[in-house]
Amino acid sequence: MFDGDQNGWESGEEEDQETSEEKCIRENPGVPVISNLEDLYKIPRLQKVQQEEHHRKRAAKLTALRKRLEAEEEASQVATRQNMPSPGAMHLNDRPLDASIVDLD
């Protein structure tokens with residue numbers, strides 16, 4: 002009786018083997034298991050609640066992504082406006098043809 006069973010160490014071979022139903026339950030934890038068939042009417046409500054939760058999470062994720070992208074676009078536009086030269090500034094293409102690279106500074 003060292004293993005907690007009256008039959009000794011030999012016990013448990015039949016008890017340890019899982020049935021195909023137990024295996025399916027273990028491999029698919031997201032699937033609801035109905036042990037009482039009177040609860041069968043609850044499945045559509047459960048699926049509706051799960052679907053609403055999924056849509057709510059997805060909408061929140063998309064909203065956060067949209068805000069982040071809009072902030073990045075705004076920052077990019079501000080940086081572009083700041084880096085634009087003034088209308089009177091000299092561009093590289095406007096330099097005299099006889100100017101050397103040293104004269105660019």
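Position one of the sequence shown corresponds to residue 2 (the working numbering), numbered consecutively onward.
The beta carbon of each residue, even a glycine, is placed where N, CA and C say it ideally should be.
Worksheet item: Per DSSP, what kind of secondary structure is T64 in: helix, strand or coil?
Response: As a first step, residue 64 must be located in the sequence shown, where it is residue number 63. Helix.
Discussion item. Please report the straight-line C-alpha distance between A65 and K58, rounded to a whole angstrom.
Written reply: As a first step, residue 65 is located in the sequence shown; it is residue number 64 there, counting from the start. As a first step, residue 58 is located in the sequence shown; it is residue number 57 there, counting from the start. For A65 and K58, the distance between alpha carbons rounds to 11 Å.
Worksheet item: Between T81 and K62, what straight-line distance do the alpha-carbon atoms span, to the nearest angstrom?
Response: Here residue 81 is taken as the residue at index 80 of the sequence shown, counted from 1. Here residue 62 is taken as the residue at index 61 of the sequence shown, counted from 1. Approximately 29 Å, taken between the alpha carbons.
Worksheet item: Residues in its own chain within less than 7 Å of T20 by CB, not counting five upstream and five downstream?
Response: Taking the first residue of the sequence shown as position 1, residue 20 is located at position 19. Here the set comprises nothing.
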